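Everything below concerns the one structure shown next.
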Amino acid sequence: MGSEHTPLLPQNVSHIPGPRAVPSSGKWKRILFAGVTGLFISTILFLRSQRASVSDSIDHEFGVGFDLTSPYGTAAISYTNGTVVNVAKIDASSAYQEAMARLSLRSSAHLHPPYNALNDYFRDQPRQLLRKARKAAGLPASSDVGELAQLILSLRSATETHLSGTKISGAVATIPHLPALYQEDLEDAFDYAGLIYIPHQPYWNGGLLSETAAVYAGNGFGMCSNYTDDELCQDEKRNPPYQAVNENVLSISYTRNALISTWATEGMGFAFPAADRFQEGDFKLGSARRYDNPKEEYYWAAVRDVISRPVFMANDNIDRETHRVLLHGEDALDERFRDVLSDVLQDVLPNNPPVFEMDTLYAAARGASEMAKRVGWRFNRGMSPEGLKVVE
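Residue numbering for the sequence shown follows the numbering used here, beginning at 10 and increasing consecutively.
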(Lines of atoms letter the chains of each structure in order from A; the text may use other names.)
(Lines give C-alpha, C1' and ligand atoms only; values in the text may rest on other atoms or scores of the structure.)
Protein backbone atom coordinates (compact mmCIF):
# COMPACT_ATOMS: atom_id res chain seq x y z
CA MET A 10 0.00 0.00 0.00
CA GLY A 11 1.33 3.45 -0.83
CA SER A 12 1.89 6.04 1.78
CA GLU A 13 0.21 9.41 1.83
CA HIS A 14 3.36 10.82 0.17
CA THR A 15 3.28 8.29 -2.68
CA PRO A 16 0.35 8.87 -5.01
CA LEU A 17 -1.18 5.77 -6.56
CA LEU A 18 -1.71 7.59 -9.92
CA PRO A 19 0.61 10.00 -11.72
CA GLN A 20 -0.16 13.61 -11.04
CA ASN A 21 0.66 14.83 -14.58
CA VAL A 22 -1.25 12.94 -17.29
CA SER A 23 -1.03 15.53 -20.04
CA HIS A 24 1.56 13.45 -21.92
CA ILE A 25 -0.81 10.51 -22.34
CA PRO A 26 -2.37 10.71 -25.83
CA GLY A 27 -6.12 10.68 -26.05
CA PRO A 28 -8.20 8.84 -28.64
CA ARG A 29 -7.49 9.82 -32.30
CA ALA A 30 -10.07 11.85 -34.14
CA VAL A 31 -11.83 9.72 -36.78
CA PRO A 32 -12.99 11.51 -39.96
CA SER A 33 -16.73 11.58 -40.26
CA SER A 34 -18.43 9.37 -42.83
CA GLY A 35 -19.32 12.48 -44.81
CA LYS A 36 -15.65 13.45 -45.10
CA TRP A 37 -14.73 9.93 -46.27
CA LYS A 38 -17.43 10.14 -48.92
CA ARG A 39 -16.07 13.46 -50.15
CA ILE A 40 -12.54 12.05 -50.33
CA LEU A 41 -13.77 8.96 -52.18
CA PHE A 42 -15.84 11.05 -54.60
CA ALA A 43 -12.88 13.32 -55.34
CA GLY A 44 -10.65 10.30 -55.97
CA VAL A 45 -13.13 8.58 -58.27
CA THR A 46 -13.79 11.82 -60.14
CA GLY A 47 -10.09 12.42 -60.61
CA LEU A 48 -9.57 8.89 -61.86
CA PHE A 49 -12.53 9.23 -64.25
CA ILE A 50 -11.24 12.51 -65.68
CA SER A 51 -7.72 11.12 -66.00
CA THR A 52 -9.07 8.06 -67.83
CA ILE A 53 -11.06 10.23 -70.25
CA LEU A 54 -8.06 12.45 -70.94
CA PHE A 55 -5.91 9.38 -71.53
CA LEU A 56 -8.43 7.80 -73.90
CA ARG A 57 -8.83 11.05 -75.81
CA SER A 58 -5.06 11.38 -76.12
CA GLN A 59 -4.86 7.92 -77.70
CA ARG A 60 -7.21 8.80 -80.56
CA ALA A 61 -5.58 9.72 -83.84
CA SER A 62 -6.34 13.22 -85.11
CA VAL A 63 -8.13 13.63 -88.44
CA SER A 64 -6.43 15.69 -91.16
CA ASP A 65 -8.14 18.78 -92.57
CA SER A 66 -7.89 17.54 -96.17
CA ILE A 67 -6.73 14.72 -98.42
CA ASP A 68 -3.06 15.50 -98.96
CA HIS A 69 -2.11 12.71 -101.37
CA GLU A 70 -2.97 12.24 -105.05
CA PHE A 71 -3.28 8.45 -104.88
CA GLY A 72 -6.51 6.88 -103.67
CA VAL A 73 -6.85 4.33 -100.87
CA GLY A 74 -9.70 1.83 -100.70
CA PHE A 75 -10.72 -0.57 -97.95
CA ASP A 76 -13.15 -3.46 -98.32
CA LEU A 77 -14.69 -4.22 -94.92
CA THR A 78 -16.29 -7.58 -95.50
CA SER A 79 -16.43 -10.72 -93.37
CA PRO A 80 -14.29 -12.40 -92.16
CA TYR A 81 -11.56 -10.05 -93.38
CA GLY A 82 -10.70 -6.68 -94.81
CA THR A 83 -8.57 -5.78 -97.83
CA ALA A 84 -6.74 -2.62 -98.89
CA ALA A 85 -5.70 -1.30 -102.31
CA ILE A 86 -4.05 1.83 -103.69
CA SER A 87 -4.87 3.51 -107.02
CA TYR A 88 -2.08 5.73 -108.36
CA THR A 89 -2.40 8.66 -110.75
CA ASN A 90 -0.57 6.76 -113.50
CA GLY A 91 -3.40 4.20 -113.60
CA THR A 92 -1.64 1.50 -111.59
CA VAL A 93 -3.73 -0.21 -108.92
CA VAL A 94 -1.85 -2.18 -106.25
CA ASN A 95 -3.25 -4.80 -103.89
CA VAL A 96 -1.84 -3.99 -100.44
CA ALA A 97 -3.05 -6.43 -97.81
CA LYS A 98 -5.68 -8.86 -96.62
CA ILE A 99 -6.22 -8.84 -92.86
CA ASP A 100 -8.39 -11.33 -91.01
CA ALA A 101 -10.81 -9.61 -88.65
CA SER A 102 -11.33 -10.41 -84.99
CA SER A 103 -14.01 -12.86 -83.89
CA ALA A 104 -15.89 -9.94 -82.30
CA TYR A 105 -15.94 -8.14 -85.66
CA GLN A 106 -17.21 -11.25 -87.41
CA GLU A 107 -19.95 -11.70 -84.82
CA ALA A 108 -20.95 -8.05 -85.23
CA MET A 109 -21.20 -8.36 -89.02
CA ALA A 110 -23.36 -11.47 -88.72
CA ARG A 111 -25.68 -9.66 -86.31
CA LEU A 112 -25.85 -6.55 -88.50
CA SER A 113 -26.91 -8.75 -91.43
CA LEU A 114 -30.21 -9.47 -89.66
CA ARG A 115 -33.21 -7.27 -90.37
CA SER A 116 -34.15 -7.64 -86.71
CA SER A 117 -31.02 -5.62 -85.83
CA ALA A 118 -32.15 -2.57 -87.82
CA HIS A 119 -32.95 0.62 -85.88
CA LEU A 120 -33.67 4.30 -86.41
CA HIS A 121 -30.76 6.26 -87.85
CA PRO A 122 -30.04 9.46 -89.77
CA PRO A 123 -31.17 10.62 -92.24
CA TYR A 124 -34.65 10.35 -90.74
CA ASN A 125 -37.87 9.91 -92.66
CA ALA A 126 -39.92 11.90 -90.15
CA LEU A 127 -39.37 14.45 -87.37
CA ASN A 128 -40.80 11.99 -84.87
CA ASP A 129 -38.06 9.49 -85.79
CA TYR A 130 -35.45 12.14 -85.00
CA PHE A 131 -36.76 12.64 -81.47
CA ARG A 132 -37.19 8.91 -80.86
CA ASP A 133 -33.55 8.31 -81.80
CA GLN A 134 -32.10 11.04 -79.56
CA PRO A 135 -31.37 8.82 -76.52
CA ARG A 136 -29.20 6.58 -78.71
CA GLN A 137 -27.54 9.57 -80.35
CA LEU A 138 -26.78 11.16 -76.97
CA LEU A 139 -25.13 7.94 -75.82
CA ARG A 140 -22.98 7.88 -78.98
CA LYS A 141 -21.94 11.50 -78.41
CA ALA A 142 -21.10 10.80 -74.77
CA ARG A 143 -18.92 7.85 -75.72
CA LYS A 144 -17.09 9.90 -78.34
CA ALA A 145 -16.59 12.78 -75.89
CA ALA A 146 -15.01 10.27 -73.50
CA GLY A 147 -12.54 9.14 -76.16
CA LEU A 148 -14.39 5.89 -76.88
CA PRO A 149 -15.82 4.57 -80.16
CA ALA A 150 -19.43 5.68 -80.70
CA SER A 151 -20.58 2.08 -80.13
CA SER A 152 -19.08 -1.37 -79.72
CA ASP A 153 -19.79 -2.11 -83.40
CA VAL A 154 -18.01 1.10 -84.40
CA GLY A 155 -15.08 -0.01 -82.27
CA GLU A 156 -14.78 -3.30 -84.15
CA LEU A 157 -14.94 -1.52 -87.52
CA ALA A 158 -12.34 1.00 -86.37
CA GLN A 159 -9.89 -1.70 -85.29
CA LEU A 160 -9.97 -3.31 -88.73
CA ILE A 161 -9.64 0.11 -90.39
CA LEU A 162 -6.63 0.88 -88.18
CA SER A 163 -5.02 -2.42 -89.18
CA LEU A 164 -5.61 -1.73 -92.87
CA ARG A 165 -4.29 1.80 -92.46
CA SER A 166 -1.12 0.49 -90.80
CA ALA A 167 -0.58 -2.05 -93.59
CA THR A 168 -1.11 0.63 -96.24
CA GLU A 169 1.32 3.07 -94.63
CA THR A 170 3.90 0.30 -94.26
CA HIS A 171 3.50 -0.44 -97.98
CA LEU A 172 4.05 3.28 -98.64
CA SER A 173 7.32 3.17 -96.65
CA GLY A 174 5.85 5.19 -93.81
CA THR A 175 3.95 7.79 -95.82
CA LYS A 176 0.84 8.73 -93.86
CA ILE A 177 -2.60 8.57 -95.45
CA SER A 178 -5.25 11.13 -94.55
CA GLY A 179 -8.41 9.57 -95.95
CA ALA A 180 -9.88 6.57 -97.72
CA VAL A 181 -13.03 5.07 -99.17
CA ALA A 182 -14.50 2.03 -97.48
CA THR A 183 -16.90 -0.37 -99.10
CA ILE A 184 -19.13 -2.78 -97.19
CA PRO A 185 -21.68 -5.50 -97.86
CA HIS A 186 -25.17 -4.05 -98.04
CA LEU A 187 -26.24 -5.09 -94.52
CA PRO A 188 -29.65 -4.05 -93.10
CA ALA A 189 -28.24 -2.71 -89.82
CA LEU A 190 -24.90 -1.16 -90.85
CA TYR A 191 -25.29 2.55 -91.49
CA GLN A 192 -23.38 5.53 -92.81
CA GLU A 193 -22.98 6.98 -89.30
CA ASP A 194 -21.17 3.81 -88.23
CA LEU A 195 -18.55 4.14 -90.95
CA GLU A 196 -18.17 7.88 -90.40
CA ASP A 197 -17.59 7.37 -86.67
CA ALA A 198 -15.24 4.42 -87.25
CA PHE A 199 -13.11 6.48 -89.64
CA ASP A 200 -13.11 9.41 -87.22
CA TYR A 201 -11.91 7.14 -84.41
CA ALA A 202 -9.18 5.79 -86.72
CA GLY A 203 -8.06 9.33 -87.57
CA LEU A 204 -9.05 9.24 -91.25
CA ILE A 205 -11.31 11.32 -93.48
CA TYR A 206 -14.30 9.29 -94.63
CA ILE A 207 -14.38 10.32 -98.28
CA PRO A 208 -17.94 9.13 -99.14
CA HIS A 209 -19.26 12.14 -97.21
CA GLN A 210 -19.62 15.84 -97.83
CA PRO A 211 -17.80 17.88 -98.94
CA TYR A 212 -15.99 15.20 -100.94
CA TRP A 213 -19.02 13.22 -101.97
CA ASN A 214 -22.74 13.70 -101.49
CA GLY A 215 -23.02 11.14 -98.74
CA GLY A 216 -24.11 7.55 -98.57
CA LEU A 217 -22.53 4.14 -98.53
CA LEU A 218 -20.42 2.64 -101.29
CA SER A 219 -21.68 -0.93 -101.43
CA GLU A 220 -19.48 -3.82 -102.51
CA THR A 221 -21.61 -4.18 -105.64
CA ALA A 222 -20.72 -0.67 -106.82
CA ALA A 223 -17.09 -1.05 -105.78
CA VAL A 224 -16.67 -4.37 -107.61
CA TYR A 225 -18.33 -2.85 -110.68
CA ALA A 226 -15.65 -0.14 -110.66
CA GLY A 227 -12.93 -2.63 -109.72
CA ASN A 228 -13.66 -4.52 -112.93
CA GLY A 229 -13.18 -1.33 -114.93
CA PHE A 230 -16.80 -0.32 -115.47
CA GLY A 231 -18.61 2.93 -114.76
CA MET A 232 -15.53 5.16 -114.95
CA CYS A 233 -14.32 7.84 -117.33
CA SER A 234 -11.39 6.91 -119.52
CA ASN A 235 -9.56 10.04 -118.28
CA TYR A 236 -10.82 11.34 -114.95
CA THR A 237 -8.72 14.51 -115.24
CA ASP A 238 -10.65 15.61 -118.36
CA ASP A 239 -14.03 16.72 -117.07
CA GLU A 240 -15.39 17.61 -120.50
CA LEU A 241 -14.52 14.17 -121.85
CA CYS A 242 -16.07 12.52 -118.80
CA GLN A 243 -19.34 14.36 -119.30
CA ASP A 244 -19.33 13.41 -122.98
CA GLU A 245 -18.74 9.74 -122.20
CA LYS A 246 -21.62 9.76 -119.73
CA ARG A 247 -23.98 11.16 -122.36
CA ASN A 248 -22.94 9.02 -125.29
CA PRO A 249 -23.45 5.28 -125.32
CA PRO A 250 -22.32 2.86 -126.66
CA TYR A 251 -19.00 3.82 -125.04
CA GLN A 252 -20.75 2.38 -122.05
CA ALA A 253 -24.41 2.10 -121.19
CA VAL A 254 -25.66 4.96 -119.03
CA ASN A 255 -27.20 2.42 -116.67
CA GLU A 256 -27.03 -1.35 -116.69
CA ASN A 257 -28.24 -4.16 -114.47
CA VAL A 258 -25.79 -6.45 -112.73
CA LEU A 259 -25.93 -9.50 -110.50
CA SER A 260 -23.16 -9.32 -107.89
CA ILE A 261 -22.27 -12.40 -105.83
CA SER A 262 -19.92 -12.46 -102.85
CA TYR A 263 -18.72 -15.79 -101.44
CA THR A 264 -16.43 -15.94 -98.39
CA ARG A 265 -15.83 -18.29 -95.48
CA ASN A 266 -18.52 -16.48 -93.49
CA ALA A 267 -21.23 -15.47 -95.92
CA LEU A 268 -22.95 -15.72 -99.28
CA ILE A 269 -24.48 -12.46 -100.54
CA SER A 270 -26.30 -12.02 -103.85
CA THR A 271 -27.34 -8.57 -105.10
CA TRP A 272 -29.20 -7.44 -108.21
CA ALA A 273 -28.46 -3.77 -108.83
CA THR A 274 -28.43 -0.98 -111.38
CA GLU A 275 -25.03 0.65 -111.91
CA GLY A 276 -23.87 3.51 -114.10
CA MET A 277 -21.13 5.84 -115.30
CA GLY A 278 -18.71 7.83 -113.18
CA PHE A 279 -20.16 6.81 -109.80
CA ALA A 280 -23.25 8.76 -110.83
CA PHE A 281 -25.44 5.82 -109.93
CA PRO A 282 -23.12 3.66 -107.87
CA ALA A 283 -25.16 2.00 -105.17
CA ALA A 284 -28.69 1.40 -106.35
CA ASP A 285 -28.94 -1.99 -104.70
CA ARG A 286 -32.43 -2.95 -105.68
CA PHE A 287 -32.72 -6.53 -104.49
CA GLN A 288 -30.40 -8.37 -102.14
CA GLU A 289 -30.25 -11.68 -100.31
CA GLY A 290 -27.54 -12.67 -97.85
CA ASP A 291 -26.95 -15.52 -95.45
CA PHE A 292 -24.15 -15.67 -92.89
CA LYS A 293 -24.83 -19.37 -92.44
CA LEU A 294 -23.89 -20.19 -96.04
CA GLY A 295 -20.22 -19.24 -96.04
CA SER A 296 -17.83 -21.83 -97.45
CA ALA A 297 -16.81 -22.85 -93.92
CA ARG A 298 -20.36 -24.12 -93.30
CA ARG A 299 -20.43 -26.44 -96.31
CA TYR A 300 -20.27 -29.63 -94.28
CA ASP A 301 -22.56 -28.59 -91.41
CA ASN A 302 -25.57 -30.29 -93.02
CA PRO A 303 -26.43 -34.01 -92.86
CA LYS A 304 -25.93 -33.99 -96.63
CA GLU A 305 -23.81 -31.53 -98.55
CA GLU A 306 -26.52 -31.20 -101.18
CA TYR A 307 -28.74 -29.46 -98.62
CA TYR A 308 -26.13 -26.74 -98.42
CA TRP A 309 -25.88 -26.32 -102.19
CA ALA A 310 -29.65 -26.20 -102.53
CA ALA A 311 -29.69 -23.25 -100.12
CA VAL A 312 -26.84 -21.61 -102.08
CA ARG A 313 -28.85 -21.90 -105.30
CA ASP A 314 -31.81 -20.24 -103.62
CA VAL A 315 -29.80 -17.26 -102.32
CA ILE A 316 -28.11 -16.66 -105.69
CA SER A 317 -31.32 -16.74 -107.69
CA ARG A 318 -33.77 -14.97 -105.37
CA PRO A 319 -32.69 -11.36 -106.16
CA VAL A 320 -33.14 -12.07 -109.88
CA PHE A 321 -36.67 -13.33 -109.28
CA MET A 322 -37.48 -10.30 -107.09
CA ALA A 323 -36.14 -7.92 -109.75
CA ASN A 324 -38.37 -9.49 -112.39
CA ASP A 325 -41.46 -9.84 -110.24
CA ASN A 326 -43.52 -7.09 -111.90
CA ILE A 327 -41.50 -6.29 -115.02
CA ASP A 328 -38.95 -8.13 -117.11
CA ARG A 329 -35.46 -6.75 -116.56
CA GLU A 330 -32.42 -8.03 -118.40
CA THR A 331 -29.25 -8.66 -116.43
CA HIS A 332 -26.23 -7.38 -118.35
CA ARG A 333 -23.30 -8.58 -116.25
CA VAL A 334 -22.51 -11.01 -113.43
CA LEU A 335 -19.79 -9.93 -110.98
CA LEU A 336 -18.02 -12.37 -108.65
CA HIS A 337 -16.02 -11.36 -105.59
CA GLY A 338 -14.89 -12.70 -102.24
CA GLU A 339 -12.08 -15.01 -101.14
CA ASP A 340 -13.88 -18.22 -102.21
CA ALA A 341 -15.70 -16.98 -105.32
CA LEU A 342 -13.51 -19.18 -107.53
CA ASP A 343 -14.11 -22.37 -105.55
CA GLU A 344 -14.58 -25.12 -108.15
CA ARG A 345 -17.78 -26.61 -106.73
CA PHE A 346 -19.27 -23.18 -106.14
CA ARG A 347 -18.55 -22.18 -109.75
CA ASP A 348 -20.25 -25.33 -111.03
CA VAL A 349 -23.36 -24.62 -108.95
CA LEU A 350 -23.33 -20.97 -110.01
CA SER A 351 -23.14 -21.90 -113.69
CA ASP A 352 -26.18 -24.14 -113.33
CA VAL A 353 -28.15 -21.39 -111.56
CA LEU A 354 -27.26 -18.74 -114.14
CA GLN A 355 -28.36 -20.99 -116.99
CA ASP A 356 -31.72 -21.43 -115.28
CA VAL A 357 -32.47 -17.84 -114.25
CA LEU A 358 -30.61 -15.71 -116.84
CA PRO A 359 -31.56 -16.99 -120.30
CA ASN A 360 -29.71 -14.13 -122.04
CA ASN A 361 -26.43 -15.67 -120.78
CA PRO A 362 -24.67 -12.47 -119.59
CA PRO A 363 -20.88 -12.47 -119.25
CA VAL A 364 -19.38 -13.39 -115.87
CA PHE A 365 -16.55 -11.20 -114.55
CA GLU A 366 -14.21 -12.66 -111.96
CA MET A 367 -11.17 -10.38 -112.03
CA ASP A 368 -9.13 -10.45 -108.82
CA THR A 369 -12.10 -11.57 -106.74
CA LEU A 370 -10.32 -11.10 -103.40
CA TYR A 371 -9.36 -7.46 -104.01
CA ALA A 372 -11.93 -6.30 -106.58
CA ALA A 373 -14.00 -4.30 -104.08
CA ALA A 374 -10.99 -2.59 -102.48
CA ARG A 375 -9.60 -1.76 -105.93
CA GLY A 376 -12.88 -0.13 -106.94
CA ALA A 377 -12.98 1.83 -103.68
CA SER A 378 -9.43 3.09 -104.29
CA GLU A 379 -10.45 4.30 -107.76
CA MET A 380 -13.30 6.28 -106.25
CA ALA A 381 -11.00 7.76 -103.59
CA LYS A 382 -8.52 8.92 -106.23
CA ARG A 383 -11.10 10.43 -108.55
CA VAL A 384 -13.27 12.13 -105.94
CA GLY A 385 -10.22 13.48 -104.11
CA TRP A 386 -8.78 14.85 -107.34
CA ARG A 387 -11.97 16.80 -108.10
CA PHE A 388 -12.24 18.18 -104.59
CA ASN A 389 -8.62 19.30 -104.36
CA ARG A 390 -9.11 21.33 -107.55
CA GLY A 391 -12.26 23.05 -106.36
CA MET A 392 -14.55 21.00 -108.57
CA SER A 393 -17.96 20.10 -107.21
CA PRO A 394 -18.85 16.42 -106.83
CA GLU A 395 -21.64 16.87 -109.38
CA GLY A 396 -23.60 13.70 -109.96
CA LEU A 397 -21.70 11.78 -107.33
CA LYS A 398 -24.76 10.87 -105.33
CA VAL A 399 -25.64 7.47 -103.97
CA VAL A 400 -29.10 6.08 -104.59
CA GLU A 401 -29.75 3.45 -101.93
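Yeah, the Cβ is synthetic: ideal placement off N, Cα and C, and Gly gets one too. The structure presented is a predicted model; accordingly, all values stated were derived computationally and were not measured.
- In the DSSP assignment, valine 181 falls within the beta strand (DSSP E) that extends over 179-184.
- For the options Tyr236, Ile99, Asp153, the alpha carbon positioned closest to that of serine 117 is the one of Asp153.
- In the structure shown, histidine 171 falls within a helical segment according to DSSP collapsed to helix, strand and coil.
- One thing to note: alanine 158 has its Cβ within 9 Å of the Cβ of alanine 202.
- Residue pairing by DSSP places leucine 336 opposite Ile261 in a beta bridge.
- Pairwise C-beta distances place the region 69-88 in contact with the region 174-183, as three or more of them are shorter than 8 Å.
- The way I'd put it, the region 293-301 doesn't touch the region 231-244; fewer than three beta-carbon pairs between them come closer than 8 Å.
- Contact between the region 85-101 and the region 375-383 is present: 3 or more CB-CB pairs across the two stretches fall below 8 Å.
- Around the beta carbon of aspartate 197, 16 or more other beta carbons sit within 10 angstroms, so the residue counts as buried.
- Annotation: the continuous alpha helix (DSSP H) that includes alanine 372 extends over 372-389.
- Under the 10 Å beta carbon count, arginine 247 is surrounded by fewer than 16 other beta carbons and is classified as exposed.
- Cβ neighbours of alanine 167 within its own chain (closer than 8 Å, five residues either side excluded): Ala84, Val96, Ala97, Ile99.
- Counted as a single uninterrupted DSSP element, the beta strand (DSSP E) harbouring serine 87 occupies residues 81-87.
- The straight-line gap separating the alpha-carbon atoms of glutamate 156 and lysine 36 is approximately 43 Å.
- Within the same chain, and ignoring the five residues on either side of isoleucine 327 in sequence, no residue has its Cβ closer than 8 Å to its Cβ.
- Looking only at Asn255, Lys293, Asp356, the smallest Cα-Cα distance to arginine 318 is reached by Asp356.
- Of the candidates Leu354, Thr237, Ser219, Thr237 places its Cα closest to the Cα of phenylalanine 388.
- The residue among Asn228, Ala273, Glu107, Leu268 with its C-alpha nearest the C-alpha of glutamate 330 is Ala273.
- Under the 10 Å beta carbon count, leucine 138 is surrounded by fewer than 16 other beta carbons and is classified as exposed.
- Ranked by how close their Cα comes to the Cα of serine 113, the residues Arg286, Tyr130, Phe292 have Phe292 in first place.
- Around proline 359, the same chain offers no residue with a beta carbon nearer than 8 Å, after the five sequence neighbours per side are excluded.
- Buried is the label assigned to alanine 374, since at least 16 other Cβ atoms lie within 10 Å of its Cβ.
- For leucine 350, the enclosing alpha helix (DSSP H) has its first and last residue at 344-357.
- Threonine 78 sits away from serine 219, with the two beta carbons spaced by 9 Å or more.
- When the five nearest sequence neighbours on each side are left out, the beta carbons in the same chain lying within less than 7 Å of the beta carbon of serine 62 are those of Gly203, in order along the chain.
- Between threonine 271 and glutamate 289, the gap from beta carbon to beta carbon is short of 9 Å.
- The Cβ atoms of asparagine 257 and arginine 333 sit closer than 9 Å to each other.
- Assignment of aspartate 238 by DSSP, reduced to helix, strand and coil, places it in the coil class.
- In this structure, the alpha-carbon of threonine 369 lies about 11 Å from that of tyrosine 225.
- Rounded to whole angstroms, the separation of the alpha carbons of proline 303 and isoleucine 316 is 22 Å.
- When DSSP states are grouped into helix, strand and coil, glycine 290 belongs to the strand group.
- Leucine 336 and arginine 347 have their alpha carbons spaced roughly 10 Å apart.
- One alpha carbon belongs to arginine 136, the other to glutamate 107, and they sit about 21 Å apart.
- Judged by DSSP secondary structure, phenylalanine 71 falls outside any beta strand (DSSP E); it is assigned neither H nor E.
- In the structure shown, glycine 227 falls within a helical segment according to DSSP collapsed to helix, strand and coil.
- Sorting Thr92, Ser103, Lys176 by C-alpha distance to the C-alpha of serine 64 places Lys176 at the top.
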